[in-house]
Amino acid sequence: MAQESTGFYFRVSANLLRVIGQELVASDEAAILELVKNAYDSNARTVTITIEPISEKRVGFIRIQDDGHGMSRRDFEHLFMVAGYSERPEEAPSAKRVPTGEKGIGRFAASRLGSRLTVLTRAAAHEPKVLKIDFDWKKFQDKKKKFDEVLIPFEQISSNILPRGKTGTVLEVTGLQTDWKPDRIEKLRAFLAELLDPFHKPGDFKVVLDVSGSERLSGEVMQQPPTDADLDLEFRVLADEKVSRKLSADSLGPDNQRESILSNANTGPLVGLSGRYLYFLKRPSKQKSQGLPPSVRIYRDGVRLEPFGSPTADWLGVSEKRAKRAGHAHVVPSRLYGFIEISRIKHQELKDTTGRQALIDNEAAQALVTLLQEQLGFLEERIRTLVSVPKWEAGKQKKVIKLERARLHALGMLSAGLGHELRQPLQVIRTQTGNLHDRLSELQINDPEINQYEAAIDRNVQRMDDSIGYIANLAKGDVEKVDSFDLADHLREDSRFFENECRAKGIRLEVTAPQNQPARISQTGFSIVLLNLLNNAVDALDEVTERNDKRISILLSKEGLNNLLEVTDNGPGIDEVTEKKLFKEFETGKTGGMGIGLYTCRVIVQAHSGEITYKTRIGLGTTFSVRFPDR
Amino acid sequence: MPLQILVVDDEPDELEAWEALLRKKGYNVQTASSPEVALRKCDENRFDLVVLDYVIPRMKGLELLSRIRKKLPLVRSILISGKLDKKLQEQEIRESIRSEMEVDKYLHKPARNEDLLEAITALFAENPSGRAWDTIAEDILKGEKSSVKKAKGAQRSLKKHLKKS
C-alpha cells in the first residue's frame with residue numbers, strides 16, 4: 000500500500016434509512032408534506048396527490064405528481080442521491096423560490112409510506128423519454144450492507160404519466176404501510192392545508208388531492224382562516240417604515256380606527272410586510288378555528304415557513320412571558336393565531352437557512368421578531384383594557400367572594416353570641432341606672448346634674464346596642480344577594496357609626512344624599528364598601544397632624560342606572576408607591592393594616608358589575624368613587 | 000293582693016337588677032337563675048307573670064315557658080331577648096314566636112325600666128284584678144279557640160291544686 004491511513008471515515012449502514020424514515024419523520028402525513036415541499040422547491044405550480052387506498056381489487060398507491068423543473072440524470076445523481084443534501088437558494092437552478100424543505104431528507108420520507116418508490120422525472124421539456132428510478136426499500140433492511148452498497152436501478156422509458164413536452168416529477172409509492180381510510184385522508188388534508196396562507200393563498204402554487212372513489216375528499220387543498228375572533232389586529236409596514244395597524248373587536252365599538260405608529264424595530268427591511276393576529280377570549284371551537292392549531296405562522300408568498308408556528312416553537316416568547324408573569328400575562332398562546340406574510344422579492348434580507356431555523360438570525364429577522372412582539376404587546380394591552388375582568392381575575396374574585404361570605408358567616412356566628420353577651424351587661428347598666436334614679440327619688444334627691452349623667456349613660460347604652468345591631472345585620476347579609484332598599488336612608492344610618500369616631504378625632508363628617516334613593520343592590524356589599532372607604536379616609540386623616548379642618552364628605556347620587564357614592568377626604572393623598580399596590584391583596588401602607596380593604600371593595604363592586612375609581616392629589620386629599628349599578 | 004312575678008335569668012346581676020326594680024314597684028317577686036329552679040318554683044307558687052330571658056342555659060326561654068304553662072296554664076309572659084335583631088318589628092317577632100308558643104309581650108334587650116313596667120301594666124290593665132282567669136273567661140265568651148284550649152288546661156291545673164289543698 001502506497002499511502003498510510005491517517006484517520007477514519009464514517010461508513011453508513013443501509014439501516015440508517017429506517018432511522019430517517021421512521022424516526023425523523025413524525026408521521027405519514029408529515030412524510031407526504033415533505034414530498035410536497037420538495038415539489039414546491041422544484042418550482043411546481045401544481046402538486047397532485049393521488050391516493051388509491053388498498054382494497055380487495057387494488058394494491059393501492061400514493062402518487063405525488065408535480066409540474067416543477069424535474070431532474071436530469073445528473074441532478075438525480077448529484078442532488079437526489081446525496082443524503083442530507085438540500086439545495087441552497089443560490090444553487091437552485093432558478094432561484095424563484097426559497098426551498099421549504101431544509102433537511103434534505105424528504106426523499107427518505109417516502110420510505111415510511113410504502114416499501115417501494117418509483118420516481119419518474121423529466122427535466123428537459125423536449126426530451127421524449129422520462130427517467131425512471133426504482134427504490135426497493137426492503138433492500139436497505141440488511142444491517143450488514145452499507146448505505147452506498149444498495150444499487151438503485153434507473154432506466155429511460157416512455158411514459159404517458161408525465162405529459163409530453165412538460166417537465167416535472169412523479170413519485171409513486173406502492174406497498175403501502177398505512178390503510179388510508181377516509182378519516183386519515185381528512186387528517187392529511189388538514190395537515191397539507193396548514194402549509195397554505197389562509198388569507199392570501201399562493202397564486203402560483205396549489206395542492207390537489209385526488210382520492211379515487213371519493214369526491215368529498217378530492218379537490219384543491221385550502222386553509223380557511225379562523226372565524227369570529229374576539230380581537231382582530233391587522234398591521235403592515237408602510238413605505239415610510241412606519242407601522243399601520245387597525246384593531247377590530249366586537250366590544251370595541253367606534254374605537255377601531257387605523258393608526259400609524261413608529262416601531263422600535265428597524266423596519267427598513269420589512270417594508271411591505273403584513274400581519275394579522277386573531278385572538279379568542281376563550282379557546283375557540285374547531286368550527287371557529289377551522290381545524291387550525293393556534294400559533295403565529297410566517298408565510299412567504301403564501302406558503303408557510305417552518306418551524307414558525309410549530310407546536311414546539313415559541314419564537315415570540317409568548318409562553319415564556321406567560322410563565323414568567325404567571326397570572327399577569329393576558330395573551331394565552333392557545334387562543335392566539337398569527338399570520339405573517341412576507342415576500343421573497345420584497346424581503347430578501349429575511350434569508351432562509353438550511354438548518355432547523357428557517358430564518359438566518361440576522362438584523363432583519365431580529366427586527367421582525369421585535370415588530371411582532373410589539374404588536375403582540377399592543378394586543379395584550381387592549382385585551383387587558385377590553386376584558387376588565389380577565390379569567391384569572393374572575394376566578395380570584397370568586398375566591399374572594401367566597402372568603403368574604405365565610406368571613407361574614409363567622410362574624411354571624413360571633414355576633415349571635417355577641418348580642419347576648421354584650422346586651423346582658425347593657426341590660427344591667429340600664430336597669431340599675433333606672434333603679435338608681437328611683438332610689439334617689441326615694442331619698443328626695445332630684446339633681447339636674449345627676450339626671451344629665453343618667454341621660455348620658457342611657458344614650459351610650461343605646462349607642463352600643465345600635466352598634467351590636469349593625470354588626471349583627473352586616474353579618475347576616477350576603478355580599479352577593481341583591482336587596483331592594485332606600486340607599487339614602489341606609490347610607491345615613493351606616494355613616495352614623497362613624498360620627499362619634501370622627502368627632503373624637505376632630506374630623507367633620509358630611510353626608511350629602513337625596514331624601515330617598517331606592518336601590519336594588521347588595522345592601523351588605525354596599526355597607527362593606529362604605530365601611531372600608533370611611534375607615535381608610537379616617538386613617539388617612541389620622542396621618543395629618545397640622546390640619547385643623549379635617550373633613551370627610553360622603554356624596555350619594557344617581558348617575559344613569561348607577562348609584563354613585565363618593566367618599567372624599569382632605570388627607571395627604573396617595574403617593575405613587577402606594578398607588579401601585581392600592582387594590583392589591585395583602586398590600587398595605589398602614590401600620591397594622593391587613594391590606595384587604597380596597598381589594599375586597601373592588602371585588603365586591605366588580606362582582607356587581609360596578610366599578611371603583613379614585614382621584615388623588617398629594618397634600619390635598621383623595622376621592623374614591625364607587626359606581627354600583629341597579630339590578 | 001299584688002301580682003306574683005317570676006323572673007328567670009341566668010345572669011345574677013341582671014336578676015338582681017330586675018328584682019330590685021319590680022319589688023320597689025310593689026310586685027311580689029321571685030327569681031330563678033336556672034330552668035330547674037324556675038320549674039320548681041312554679042310547683043310551689045301560682046305566678047301571674049313570668050319574665051324570662053330568651054337564652055337560658057340548657058333550655059330555650061320558649062321551651063321553659065311551655066313547661067311552665069303546663070304547670071300554670073294561665074300565666075302571662077314577657078320575653079326579653081338580646082339575640083333577635085332589633086330591627087325586626089315586634090309584630091314580626093310575635094308572629095314567628097307564636098308558631099312555637101304564645102308570648103304575651105316581647106321586649107328588646109337592653110330594655111328600659113319603664114318599658115317593662117308599661118308592659119306589665121298593659122298586660123293586666125284589662126282586668127284590674129290582675130287575674131288572667133278573667134281574661135280567658137272573656138275570650139271564651141268571644142269564642143276564641145286558643146282560649147278554650149287554655150281553659151281546659153287551666154281546669155286541669157285547678158283540679159290538681161284543689162286536690163293538693
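One line per chain: the protein sequences are A and B, in this order.
Mapping the first sequence onto numbering that gives the first Met the number 0, position 596 (from 1) lands on 595, and the numbers just tick up by one.
Mapping the second sequence onto numbering that gives the first Met the number 0, position 84 (from 1) lands on 83, and the numbers just tick up by one.
Heads up, the beta-carbon is just placed ideally off N, CA and C, and yes, glycines get one too.
Query	Result
Where P109 of chain B meets chain A, residues with beta-carbon distance less than 7 Å	R422, L425, Q426, R429, V460, D464
E62 of chain B at chain A interface by Cβ criterion, 8 Å	no
Strand pairing of P517 of chain A, partner residues [DSSP]	A:D485
Simplified DSSP state of S624 of chain A, which is helix, strand or coil	strand
Which residues DSSP lists as bridging S273 of chain A, in chain order	A:R235, A:E340
Cβ contact (3+ pairs, closer than 8 Å) linking the stretch 487 to 494 of chain A and the stretch 515 to 532 of chain A	yes
Buried/exposed call for R296 of chain A, threshold 16 Cβ in 10 Å	buried
N- and C-terminal bounds of the alpha helix (DSSP H) containing E558 of chain A	No alpha helix (DSSP H) holds E558 of chain A; the beta strand (DSSP E) holding it covers 550 to 558.
Where the stretch 18 to 49 of chain B meets chain A: residues whose CB sits under 8 Å from a CB there	A19, L20, K23
Completely contained beta strand (DSSP E) runs for the stretch 31 to 61 of chain A, where each covers 3 or more residues	45 to 51
Rounded C-alpha distance that separates D629 of chain A from G337 of chain A	41 Å
Which residues DSSP lists as bridging R121 of chain A, in chain order	A:G167
Under 8 Å from the C-beta of G433 of chain A: neighbouring residues of chain B	L20, R111, N112, E113
Coil, strand or helix - M58 of chain B by DSSP	strand
Proximity to Q613 of chain A [Cα-Cα], best of A:A606, A:R626, A:V129, A:L216	The question names Gln, but residue 613 of chain A in the sequence shown is Tyr. Nearest option by C-alpha distance: A:R626.
Ranges of the beta strand (DSSP E) found wholly within the stretch 125 to 152 of chain A, counting only runs of at least 3	129 to 135
Option in A:G316, A:R422, A:Y278 with minimal Cα separation from I382 of chain A	A:Y278
Nearest neighbour of P225 of chain A, chosen from A:Q289, A:I553, A:D568 [CA to CA]	A:Q289
Under the three-state DSSP convention, the category P92 of chain A falls into	Any answer about P92 of chain A is weak, because its pLDDT of 46 lies below 50 and its placement is not dependable; what the coordinates show is given next. The answer is coil: DSSP assigns P92 of chain A none of H, G, I, E or B.
Below-8 Å beta-carbon distance, M58 of chain B vs any chain A residue	no
Delimiting residues of the alpha helix (DSSP H) encompassing E509 of chain A	Per DSSP, E509 of chain A belongs to no alpha helix (DSSP H); it is in the beta strand (DSSP E), 507 to 511.
Close beta carbons around T30 of chain B, own chain, < 7 Å, minus the five adjacent residues each side	V6, L14, E18
Counterpart residues of Q155 of chain A in DSSP-defined beta bridges	A:L130
Contacts around G634 of chain A, its chain only, beta-carbon distance under 6 Å, and the 5 residues preceding and following it disregarded	With chain A covering 0 to 630 only, the question about residue 634 of chain A has no answer from this structure.
Rounded separation between P127 of chain A and R163 of chain A - CA only	7 Å
Beta-carbon proximity of F134 of chain A to R115 of chain A, cut-off 8 Å	yes
Cut-off 7 Å between Cβ atoms - residues of its own chain near R66 of chain B, not counting five sequence neighbours on either side	L38
T166 of chain A to R72 of chain A span [Cα, whole Å]	13 Å
Residue-level contact to chain B via CB, D437 of chain A, 8 Å cutoff	yes
Segment limits, beta strand (DSSP E) that includes N562 of chain A	561 to 568
Three or more C-beta pairs below 8 Å linking the stretch 7 to 22 of chain A and the stretch 134 to 149 of chain A	yes
Top-ranked residue by Cα proximity to V510 of chain A, from A:S521, A:L529, A:G524, A:K398	A:L529
Under 8 Å between C-beta atoms of D103 of chain B and R75 of chain B	yes
Cα-Cα separation, E76 of chain A to F107 of chain A	15 Å
Below-8 Å beta-carbon distance, G476 of chain A vs any chain B residue	no
6 Å Cβ shell around C41 of chain B - same chain, five flanking residues per side excluded	I67, K70, L71
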